[in-house]
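*Asks:* Got a structure here, written out as structure tokens. Questions coming.
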Amino acid sequence: MSNIKPLGNRVLIKRSKPQPVKGGILLPDSAQEKPKEGVIVAVGPGKLNDEGKRDPLNVKVGDRILFSSYAGTEIKNLEENDELLIMSEDDILGILA
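If you read the sequence shown in the working numbering, its first letter stands for residue 1372, the second for the next number, and so on.
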């Protein structure tokens, strides 16, 4: 999907499209207070621990996740004319079942 490979404990996320509210009005992300959703498209190798070994991430490619509005850094994916987010695993609030 993307040629970006996250480093350390970072993940690459494709945001889910905003959902219309009752009445068919589509609110911009800035007007919505609830956490954002997305799908993980790439994961880094994990963070180095004190022993010099990598701790694996708790998330994997394909997981649907929740994250706060201010988490991550936006990246423009020119190949697919899409915007992605790269963020630390620590910024992920939860995995949707």
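Positions of the beta carbon are idealized from the N, C-alpha and C atoms, including for glycine.
Note that the structure is a prediction, hence the values are computed from the model and not measured.
Under three-state DSSP, which class holds D1462?
*Replies:* For the purposes of this step, residue 1462 is identified with residue 91 of the sequence shown, where counting begins at 1. Residue state, collapsed to three classes: helix.
*Asks:* From S1440 to D1461, what does the alpha carbon distance come to, in whole angstroms?
*Replies:* Stepping through the sequence shown from its first residue, residue 1440 is reached at position 69. Stepping through the sequence shown from its first residue, residue 1461 is reached at position 90. Using only the alpha carbons, I get a separation of about 14 Å.
*Asks:* Which whole-angstrom value is the C-beta distance of I1384 and G1443, which I expect to be below 8 Å?
*Replies:* The residue you call residue 1384 lines up with position 13 of the sequence shown. The residue you call residue 1443 lines up with position 72 of the sequence shown. Indeed, because the Cβ distance is near 7 Å, the residues count as touching under 8 Å.
*Asks:* Is there at least one non-hydrogen atom of the ligand PLP closer than 8 Å to the beta-carbon of N1380?
*Replies:* Only the bare structure without any ligand can be found here, which leaves the ligand PLP out of the picture.
*Asks:* Would you check if the distance between the CB atom of G1423 and the CB atom of L1378 is smaller than 9 Å?
*Replies:* Stepping through the sequence shown from its first residue, residue 1423 is reached at position 52. Stepping through the sequence shown from its first residue, residue 1378 is reached at position 7. It is not a contact, given that the beta carbons lie outside the stated cut-off.
*Asks:* Look up N1448 in the DSSP assignment and give the residues it is bridged to.
*Replies:* Looking up residue 1448 in the sequence shown gives position 77. D1453.
*Asks:* For the beta strand (DSSP E) holding G1409, just list the boundary residues, first then last.
*Replies:* Along the sequence shown, read from residue 1 onward, the residue named residue 1409 stands at position 38. From DSSP, the beta strand (DSSP E) with G1409 extends over 1407-1414.
*Asks:* Nearest by alpha-carbon distance to V1412: which of R1425, K1388, K1431 is it?
*Replies:* Translated into positions along the sequence shown, residue 1412 becomes position 41. Taking only the C-alpha atoms, the option nearest V1412 is K1431.
*Asks:* If you reduce the DSSP assignment to three classes, tell me which class L1467 lands in.
*Replies:* As a first step, residue 1467 is located in the sequence shown; it is residue number 96 there, counting from the start. Note: L1467 maps to coil in three-state DSSP.
*Asks:* How about I1446 and G1409: are their beta carbons less than 9 Å apart?
*Replies:* Taking the first residue of the sequence shown as position 1, residue 1446 is located at position 75. Taking the first residue of the sequence shown as position 1, residue 1409 is located at position 38. Contact flag unset, no.
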